[in-house]
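Chemist: In our numbering, the protein residues as written are 4 to 85.
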């Protein structure tokens, strides 16, 4: 009985953590993308605030970060992805 209670509590904690963490998708342009890569390095450790890994697909992401200045031709596709 005690194992079931512990597992249920752990499952609730894991589900809560997964539902409240951010999964960002990054659209890096020029030098700003290099700065965004640096935020996931060990010095700043962005993972302690929730976002573990930058996602490649907007379908897997909760947040889209556009680091840099998009051009006039990039704006319509970015709006469509958003």
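Quick reminder that beta carbons are idealized off the backbone N, C-alpha and C, glycines included.
Looking at C-beta atoms only, is the number of pairs between the region 15-32 and the region 67-78 that lie closer than 8 Å three or more?
Modeler: Enough Cβ pairs lie closer than 8 Å, so yes.
Chemist: Quick one: Cα of residue 41 to Cα of residue 73, how far?
Modeler: Residue numbering aside, residue 41 sits at position 38 when the chain shown is read from its first letter. Residue numbering aside, residue 73 sits at position 70 when the chain shown is read from its first letter. Roughly 21 Å between the two C-alpha positions.
Chemist: To the nearest angstrom, how far is it from the Cα of residue 84 to the Cα of residue 15?
Modeler: Counting from one through the chain shown, the residue named residue 84 turns up at place 81. Counting from one through the chain shown, the residue named residue 15 turns up at place 12. Those two C-alpha atoms are separated by around 32 Å.
Chemist: Between which residues of its own chain and residue 39 is the CB-CB distance below 8 Å, once the five residues before and five after are set aside?
Modeler: Counted from its first residue, the chain shown places residue 39 at position 36. So the qualifying residues of the chain are 29, 31, 57, 68, 70.
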